[in-house]
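Down below is the structure, laid out as structure tokens.
There are 4 protein chains.
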Amino acid sequence: MLRVAIIGASGYTGVELARILCNHPQVQLTAATSRQYAGKPLAEVFPNLRGKTDLICENLSVDELCEQADLFFAAVPHKTAMDLVPQLLQEGKKVVDLSADFRLRDVAVYEEWYQEHSSPEYIKEAAYGLPERYRSQIKNARLVANPGCYPTSVVLGLAPLLEAGFIDPDTIVVDSKSGTTGAGRAAAVGTLFCEVHDGFKPYKVGGVHRHLPEIEQELSTVKGKQITISFTPHLLPISRGILSTSYARLSPDATAEKIRTLYIDSYQNEPFVRVLPEGSFPATQHVRGSNFCDIGFAIDKRTNRIIVITAIDNIVKGAAGQAVQNMNLMCGFAEETGLEGAPFFP
Amino acid sequence: MLRVAIIGASGYTGVELARILCNHPQVQLTAATSRQYAGKPLAEVFPNLRGKTDLICENLSVDELCEQADLFFAAVPHKTAMDLVPQLLQEGKKVVDLSADFRLRDVAVYEEWYQEHSSPEYIKEAAYGLPERYRSQIKNARLVANPGCYPTSVVLGLAPLLEAGFIDPDTIVVDSKSGTTGAGRAAAVGTLFCEVHDGFKPYKVGGVHRHLPEIEQELSTVKGKQITISFTPHLLPISRGILSTSYARLSPDATAEKIRTLYIDSYQNEPFVRVLPEGSFPATQHVRGSNFCDIGFAIDKRTNRIIVITAIDNIVKGAAGQAVQNMNLMCGFAEETGLEGAPFFP
Amino acid sequence: MLRVAIIGASGYTGVELARILCNHPQVQLTAATSRQYAGKPLAEVFPNLRGKTDLICENLSVDELCEQADLFFAAVPHKTAMDLVPQLLQEGKKVVDLSADFRLRDVAVYEEWYQEHSSPEYIKEAAYGLPERYRSQIKNARLVANPGCYPTSVVLGLAPLLEAGFIDPDTIVVDSKSGTTGAGRAAAVGTLFCEVHDGFKPYKVGGVHRHLPEIEQELSTVKGKQITISFTPHLLPISRGILSTSYARLSPDATAEKIRTLYIDSYQNEPFVRVLPEGSFPATQHVRGSNFCDIGFAIDKRTNRIIVITAIDNIVKGAAGQAVQNMNLMCGFAEETGLEGAPFFP
Amino acid sequence: MLRVAIIGASGYTGVELARILCNHPQVQLTAATSRQYAGKPLAEVFPNLRGKTDLICENLSVDELCEQADLFFAAVPHKTAMDLVPQLLQEGKKVVDLSADFRLRDVAVYEEWYQEHSSPEYIKEAAYGLPERYRSQIKNARLVANPGCYPTSVVLGLAPLLEAGFIDPDTIVVDSKSGTTGAGRAAAVGTLFCEVHDGFKPYKVGGVHRHLPEIEQELSTVKGKQITISFTPHLLPISRGILSTSYARLSPDATAEKIRTLYIDSYQNEPFVRVLPEGSFPATQHVRGSNFCDIGFAIDKRTNRIIVITAIDNIVKGAAGQAVQNMNLMCGFAEETGLEGAPFFP
């Protein structure tokens, strides 16, 4: 039994990690930290976990943490992570970091979009935790930078097309919509029930969301040249789910048949990517609670554009589930362990 | 007091028309037809209307209808409308038709997207009921084709930009999201609460929604040349509201300042269009229950694209409210009559 | 034009007051106070109000307030109200107080459930602002204590039955469910979207909600003897609406017919109470956005209990709408002024 | 591997059974019947199941069914079940029947509330599938009548109190609220998204819901005498979850301490019942997607009433999950198999 700990257990990613891990047959959840809730049972903070875990939230030093576990899920804000993670690595621990601190390979880009980076030397060794594209690096990594939720949903949809040269990279427009768990669990007027319910709105309009450089990094890596896209996130009145609608002009030789074959070839051995049949499109409610990414597409011949739709559960494949998938790879467990449950609908 | 009737009162547009009209000081709602509910009080079908109207739903012939009212709101499905509306006009009545039957000025286009048109001769005289662009025609019309909900939200946002030459028409991508009232009130598994709630999905992907030719007609009219766009509608788990996110490349001489001035100039005298200040963007919950169309935009310098966001209440400005606005114009009432209420939030 | 001001405009009651008042033909909204948002346009805090009001939120002293308006809506927390309201009265102003501070006529009861009362001498002159029961007092009052949302929904349903002696007061059980606007607009984890959405729970279980003594005061007043009831509130994943389900044993002589007659007689001249026909029951969605209270009932012969269902919009009839109704009475306006709009459905 | 089949797979209970069973390690789901969807892959009807099952919906005769499985989940409407189930039993099959047809032990009561019973002789041998009270009968049964969702939520909460004599059976009032999955998946205007969303209403008011005799049967069995209660169901704008709030007068010797001890003793060995600590109360969102029943209570000393709150996921513990729990018992599997997942929150 691998001993694992969640650092920063009081958010939605934290509770989802705990939900998944307490049923994972090859790990033992030994610690959950939370400054705010220190001394309180985790199952009192999140009553859904009653009967599933007896853990008490603790406020632990790095030394204390290192005594209790061998692999850590760091679910703390960026900036906090860059200070904490290196200490864990120095003690020989493995880390899946769910913050943004080790996702951007170019420190200058990180510092432009976030702030000064205190541990740039660790960026290089971090594997970008998108198993569908970096499985071998992840298997050998001691530090995995778990991808952002939006990047996961966008990259899985567009990477094959870019790789095959089927779309014009200058024409990419990505319109994404996220459930409210993505906004976190901090008390704030903007995410109160009455502000979000029965409503819908964009935010960070104009190419200013911090997931944008991450998406562009991954698309550029695939294509082997710098790609710049338009990206607009929106807030959905649902708890879980991201649906991204991506548009791009097709290359002259791209056809619906070739594209379908491409997607199937790309993902047929992937346990968590489902390529939908022609005429079917993803819906967030069909991946709810699961680690699946669903992909569907259509071609608009009138405009010669492809429309690619992807859906994930933002706190599973977009956060906690993908983190467990990464842990499974890092530790030699079967990749699907703990993540076998079908989506729950309705 | 103008006598008005609602033909097809059993849908969501019907009940919203009734809600607005029963407080309109210059009209008397004299009839509401419904085959399904004939003989039943309208306020029993829609208990929100209890105490506001004593009307009984009726199944009336055209002759009977014509005895009861002078202006008609036709809230019946397309195809039904094209047969009914000419009969009302022939009796000297005024009609606001909420179907698609008289919106497309090119019969061939109509017949490509819908079906054969039985009354093409009436298309020509129909005013397209978007007052912000066709006010003078509407004032003189006896038949107004009330615009589709998506077209209203898109055209109000993009028309000024196209007119001013500020965007490249070949690069327009429109990603729209609609509340579920847009799907109507017919019993169907796909719009059951449990299918829609806590979920989100696209539909009619690939440029196949019937509002697309209507949008293109209006944008093309503005531009004076054929415009083809990408358009993807999505279903939101809310009752009321459409939010459209439109993307286009900017022309070389377009600047944020010029665009802001343009929008303000275009809409400063419009009672129902609110141009939001820089950094503010529309949200469906801020137009809920009102006839407002909110417009906001941002420029992404990295990609040289503008992102225009518009929000309306799809059954008010996107249907019943705009229909009443059109009636006010047709009958010489003050344009805002009956539509003065502020949006309700939350 | 009566000059009115909202003290405490940043909450959900505040915005609803502003929404109603900005369309009220006999008043001018001259000030809206908010410490938090001082200097900010009210329509920026609540973008639904854009175009409907130019007011800037201010942080005003009592003296400054008194210069600006003649009637005040105090939408501040209890305790704050009891200090503020007397100062306004001393300056000759009229006040509708939406806090609990002047609702309980017995200071001892107030102090048991809230805290020490600093202005007990004003309690006596406050009219309890339930027009259906205290219309004449309200008309002559300079201070109206606007009822709590739960009490409004319960008292309108049960008072006629108690007055007529049709139910046994010892057997009353009230199970109430409220929309989340009732929890206010303060940032708090418990009312975040993700905590409330797609869920349902009770709170203040066991007879400990502060609206309980208020309900009992009014029921006891009706009956002329002390009544003690069971009352459990619950939190609904909706924004607006309270539905109360009340149970009581019938007296031997009570019959369905007598009870129906009683309700109709009690409320036939009330503009905002709708007694539903046999077999019809209230639903929050049918009073949404309106000042109506809907009442329906059924008799369970097997247990000899009556079940009374009432529904209101908790921030309209349960707060802002009833406050405006009270103002109308205090100022001699027609009682329905500004409150004529039909409920929004859907 | 036990071969199991779902008869009537097209409803919400059907899809939930499939979701649970496709991850159950000791069964193989071999058939799923649906007249409506015959020939269509189950994962096309319910896209959440893509990748989890290849089953094609079929319209099978009893003979064909019997060839394919050894245990059947009958998720068909009442009346249909009473004709079908006996045929399966005669072929030596085991059946978990999710209809009401074998729940009521008194045929006369069944016929009063439903219709004539065609197979009364099978009622006697049916075990009532509430494992917490009938575990040994279920283990030996070939036919289990899976309880109704409301009865499950009510009986688990009240049975211990009645058994211990802690409450007065004549004073029981049960106010229940159910998610909309409980209304089924048939196309109907009343359960459309726009009718249910952002609303709340009672139904079957006055002691006329068909789950009432079932609740009374079980409470009466516990008490050893006929018990009659008041019961009002309500429709919540959520997909999953029932919360029941029950009220009763306490017996003279009942104390909070004794009651807490009673609940703990009653349920400490039950894998799916969680007795919450003092001051904590159930919420549907904390049992979502799980087979748990959460129980909390408070005592109102002012009225000498106990308020018992119970929450379940109506399509898990209230239907499909409890059915699998029953299958586990019938087949000698560990009772929790396939049902170990923690609730999903948020």
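Protein chains in written order, with this note's numbering: chain A, 1 to 346; chain B, 1001 to 1346; chain C, 2001 to 2346; chain D, 3001 to 3346. No residue lacks a Cβ here, since even glycine has one placed at the ideal position from N, Cα and C. The structure presented is a predicted model; accordingly, all values stated were derived computationally and were not measured.
Exercise for the section: Could you list the residues in the segment 1330–1341 of chain B with a C-beta less than 7 angstroms from some C-beta on chain E, going in chain order? Expected result: Given the protein chain composition of this structure (A, B, C and D), no chain E is represented.
Practice task
Please list the segments of the alpha helix (DSSP H) lying wholly inside the segment 206–240 of chain A, counting only runs of 4 or more residues, in order along the chain.
Solution key: DSSP runs (the alpha helix (DSSP H)) wholly in the segment 206–240 of chain A: 211–223.
Handout entry: Closest residue to F1072/B among T1171/B, D1175/B, K1317/B and N1146/B (Cα-Cα distance)
Key = Per the C-alpha coordinates, the member of T1171/B, D1175/B, K1317/B and N1146/B positioned closest to F1072/B is N1146/B.
Handout entry: Cross-strand partners of C3293/D (DSSP beta bridge)
Key = Its beta-bridge partners are V3273/D and I3312/D.
Exercise for the section: Quick one: using the 10 Å Cβ neighbour count with 16 as the cut-off for buried, is K3225/D buried or exposed? Expected result: Exposed: under 16 other Cβ atoms inside 10 Å.
Exercise for the section: Closer than 6 angstroms by C-beta to R210/A: which residues in its own chain qualify, once you throw out the five before and the five after it? Chain order, please. Expected result: Result list for R210/A: W113, in chain order.
Problem - Supposed contact pair K223/A and L162/A - C-beta distance, whole angstroms, cut 8 angstroms - result: Contact annotation, L162/A with K223/A: C-beta distance approximately 5 angstroms; criterion of less than 8 angstroms satisfied.
Exercise for the section: Starting from R3133/D, follow the alpha helix (DSSP H) in both directions and report where the run begins and ends. Expected result: R3133/D -> alpha helix (DSSP H) spans P3131 to N3140.
Handout entry: Residue-level contact to chain B via CB, T3171/D, 8 angstroms cutoff
Key = For T3171/D, the answer is no, since every Cβ of chain B falls outside 8 angstroms of its Cβ.
Handout entry: Where V3095/D sits in the DSSP three-state scheme
Key = Correct three-state label for V3095/D: strand.
Practice task
Hey, could you find the ends of the alpha helix (DSSP H) V1287/B is sitting in?
Solution key: Careful: V1287/B lies outside any alpha helix (DSSP H) and carries neither H nor E.
Handout entry: Cβ neighbour criterion (16 or more within 10 Å) applied to P2277/C
Key = Of the other Cβ atoms in all chains shown, fewer than 16 fall within 10 Å of the Cβ of P2277/C; this residue is therefore exposed.
Problem - is_contact[L2017/C, chain B] using C-beta, thresh 8 angstroms - result: No, L2017/C lies away from the interface with chain B (no Cβ there is under 8 angstroms from its Cβ).
Exercise for the section: Please list the partners that T33/A has in chain C, where partner means a Cβ-to-Cβ separation under 9 angstroms. Expected result: Under the 9 angstroms cutoff, chain C gives no residues; its nearest Cβ is about 18 angstroms from T33/A.
Problem - Any chain B beta carbon closer than 8 angstroms to L3348/D - result: Residue 3348/D lies beyond the residue range present for chain D, which begins at 3001 and ends at 3346; the question has no answer from this structure.
Problem - Under 8 angstroms by beta carbon: chain D residues contacting L2243/C - result: Per Cβ cutoff of 8 angstroms: F3200, K3201, P3202 and H3234.
Handout entry: 3 or more residues per run - each beta strand (DSSP E) lying fully within the segment 67–126 of chain A
Key = Listed in chain order, they are 71–74 and 94–97.
Practice task
Return yes when at least one heavy atom of the ligand ADP lies under 7 angstroms from the C-beta of E3336/D, else no.
Solution key: In the structure on display, the ligand ADP does not appear, and there are no ligands present to speak of.
Problem - Of the listed residues T1245/B, L1212/B and F1166/B, nearest to T1310/B (C-alpha basis) - result: Distances from the CA of T1310/B to each of T1245/B, L1212/B and F1166/B were compared; the closest alpha carbon is that of T1245/B.
Practice task
Return the chain-ordered list of same chain residues with a C-beta closer than 7 angstroms to the C-beta of G11/A, the five sequence neighbours on each side being excluded.
Solution key: The beta carbon of G11/A lies closer than 7 angstroms to those of A75, G184 and R185 in the same chain, with the five residues before and after it left out.
Exercise for the section: For T13/A, I'd like the list of residues in its chain whose CB is within less than 7 angstroms of its CB, leaving aside the five on either flank, ordered along the chain. Expected result: Closer than 7 angstroms at the Cβ level, and outside the excluded window around T13/A, lie A75, L98, I315, A319 and A320.
Problem - Cβ shell of Y134/A (< 6 angstroms), same chain only, five flanking positions each side left out - result: Counting only Cβ-Cβ distances below 6 angstroms, and skipping sequence neighbours, we find A127 and Y128.
Problem - Nearest residue (CA-CA) to P3343/D, options G3092/D, M3001/D, I3306/D and R3274/D - result: When C-alpha distances from P3343/D are compared across G3092/D, M3001/D, I3306/D and R3274/D, the shortest belongs to R3274/D.
Handout entry: Pair within 8 angstroms by beta-carbon distance, S1230/B and V1173/B
Key = S1230/B places its beta carbon less than 8 angstroms from that of V1173/B.
Practice task
List the residues of chain C that F3292/D touches, going by C-beta distances under 9 angstroms, in chain order.
Solution key: For F3292/D, no chain C residue has a C-beta closer than 9 angstroms to its own C-beta; the minimum C-beta separation is roughly 14 angstroms.
Handout entry: 8 angstroms Cβ cut-off: residues of chain A touching C1194/B
Key = Proximity of chain A to C1194/B at the Cβ level (cut-off 8 angstroms) is accounted for by P346, in chain order.
Exercise for the section: Identify the contact partners of S3239/D in chain A, using a Cβ-Cβ distance below 8 angstroms as the criterion. Expected result: At a C-beta separation below 8 angstroms, S3239/D has these neighbours in chain A: P346.
Handout entry: At least three beta-carbon pairs within less than 8 angstroms, the segment 1049–1056 of chain B to the segment 1087–1103 of chain B
Key = At 8 angstroms Cβ cutoff, the stretches do not touch.
Handout entry: Coarse secondary structure for K1052/B, derived from DSSP in three states
Key = Correct three-state label for K1052/B: coil.
Handout entry: Within-8 angstroms CB hit, K2225/C to chain D
Key = Taking Cβ atoms only, chain D never reaches closer than 8 angstroms to K2225/C, which makes this a no.
Exercise for the section: Kindly indicate if chain A contains any beta-carbon less than 8 angstroms away from that of C3149/D. Expected result: Under the 8 angstroms criterion on CB atoms, C3149/D is classed as non-interfacial with respect to chain A.
Exercise for the section: Identify whether A2188/C lies in helix, strand or coil by the three-state DSSP scheme. Expected result: Coil, per DSSP.
Practice task
Would you tell me roughly how many angstroms separate the C-alpha atoms of E1335/B and E270/A, rounded to the nearest one?
Solution key: Between the alpha carbons of E1335/B and E270/A lies a gap of roughly 59 angstroms.
Handout entry: Neighbour-count burial assignment, A2081/C, 16 or more Cβ in a 10 Å radius
Key = Under this definition A2081/C is a buried residue.
Handout entry: Chain-ordered residues of the segment 3045–3073 of chain D with a beta carbon less than 9 angstroms from chain A
Key = Within the segment 3045–3073 of chain D, contact with chain A at the beta-carbon level (separation under 9 angstroms) is assigned to F3046, P3047, N3048, L3049, R3050, G3051, K3052 and T3053.
Practice task
Starting from the beta carbon of N2023/C, find every residue of chain B whose beta carbon is closer than 8 angstroms, and list them in chain order.
Solution key: Near N2023/C (Cβ distances below 8 angstroms), the residues of chain B are E1340, G1341 and A1342.
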